[in-house]
Amino acid sequence: MTFMTRVLQWDPPSEVAPESWPTGLRGLTRALRPYWGLFALATLAGLTQHGLNLATAAMTAYVVGAAIDGASWSELEPWAWAIAALVATRGVLTFVEQWLGHDLAFRLLAVLRHWIYWGVERIAPAGLMRRRSGDLAAAAMQDAEKLEVFYAHTSIETIIAVVIPAIGLVAMSILHPMFGVVTLPILILMATVPFWLIRYANRQGREVRDRTGELQSEVLDSIHGLREVVMFGREEDRLNRLDRFGR
């Protein structure tokens with residue numbers, strides 16, 4: 013069975029969830045169900061890559077400290093080779109993470125567009141009478157593509173942002189308990205700041221989304237009606253209208 017055949021046989025959600033971030037997140041993760049394996053591989057590559065980043069920083073700090081204390085090159089050479097190997101491995105894993113993440117994202121874009129077209133087919137033609145063609149085209153193309161950022165970056169990076177600091181906190185606490193005591197408040201502050209600003213961010217995001225959607229719809233409608241615009245000499249009016257939406 014080909015990839016597109018699986019997409020076309022996959023039924024979209026039967027109902028639309030309320031607009032809130034928990035329900036929206038559940039809706040986005042629902043599309044991941046057939047690709048949990050690919051998602052897990054991309055996440056594992058990201059976790060390993062960031063873990064090596066911590067190891068590289070720690071080993072580099074150790075080598076610098078040892079050099080200041082007067083260690084010889086023969087003592088530092090194995091550490092230098094180890095750091096070089098970690099840096100090279102990090103580069104490979106960065107490529108692997110990006111490759112897998114974008115492979116996952118574009119597979120899911122096909123699924124999301126299938127859902128959009130399925131929804132349009134379900135309400136057509138009566139449900140489309142008062143909708144602009146630009147709105148439909150924007151939803152099918154630009155809006156779906158924006159989700160690529162979530163699947164290729166945000167979802168994986170969110171897991172990494174939780175796991176890697178936790179590992180770092182444990183490692184520093186093992187070295188000395190006071191390191192963990194000093195680091196913990198900083199991590200708590202970093203984790204809670206987004207929730208302090210979430211209402212403002214949601215309001216600002218909705219405003220930007222709505223204005224961008226209106227502008228996209230106007231542009232697409234202008235392109236579709238280009239012949240009529242030129243025929244009736246309304247080019248200046250359309251340009252002024254687009255300029256107002258773009259401000």
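Taking this note's numbering, the leading residue of the sequence shown gets 13, the next gets one more, and so forth.
Note that the Cβ used here is the ideal one computed from N, Cα and C, for glycine as well.
Bear in mind the structure is a predicted one, so any value in this text is a computation, not a measurement.
Item                                                                                                                                                         : Value
Report yes if the CB atom of Ala54 is closer than 9 Å to the CB atom of Leu124, and no otherwise.                                                            : no
Around the Cβ of His62, are there at least 16 other Cβ atoms within 10 angstroms (buried) or fewer (exposed)?                                                : buried
Is it a yes or a no for the stretch 80 to 91 touching the stretch 195 to 210, going by three-plus beta-carbon pairs under 8 Å?                               : no
With 16 other CB atoms within 10 Å as the buried threshold, where does Gly245 fall?                                                                          : exposed
Mind reading off the beta-carbon distance from Arg250 to Val241? Whole number of angstroms is fine, and I expect it under 8 Å.                               : 5 Å
By DSSP, does Arg246 sit in helix, in strand, or in coil?                                                                                                    : coil
Pull up the distance between the alpha-carbon of Arg256 and that of Arg215, whole angstroms please.                                                          : 21 Å
Taking the alpha-carbon positions, what's the Val231 to Trp111 distance?                                                                                     : 33 Å
Report the rounded CA-to-CA distance for Glu87 versus Ile95, giving the unit in angstroms.                                                                   : 14 Å
In this structure, how does DSSP classify Leu44 when only helix, strand and coil are distinguished?                                                          : coil
Tell me which residues share the same chain as Leu181 and place their Cβ nearer than 8 Å to its Cβ, disregarding the 5 neighbours each side in the sequence. : Gly192, Thr195, Leu196, Leu199
Within its chain, find whatever has a CB closer than 7 Å to the CB of Ile172; leave out the 5 residues flanking it on each side and keep chain order.        : Gly58, Leu59, His62
Mapping the DSSP letters down to three states, classify His188 as helix, strand or coil.                                                                     : coil
Apart from the five residues just before and just after Ser234, which ones in its own chain have a Cβ nearer than 6 Å to its Cβ?                             : Arg250
Within 10 Å of its beta-carbon, does Ser84 have 16 or more other beta-carbons around it, so buried, or fewer, so exposed?                                    : exposed
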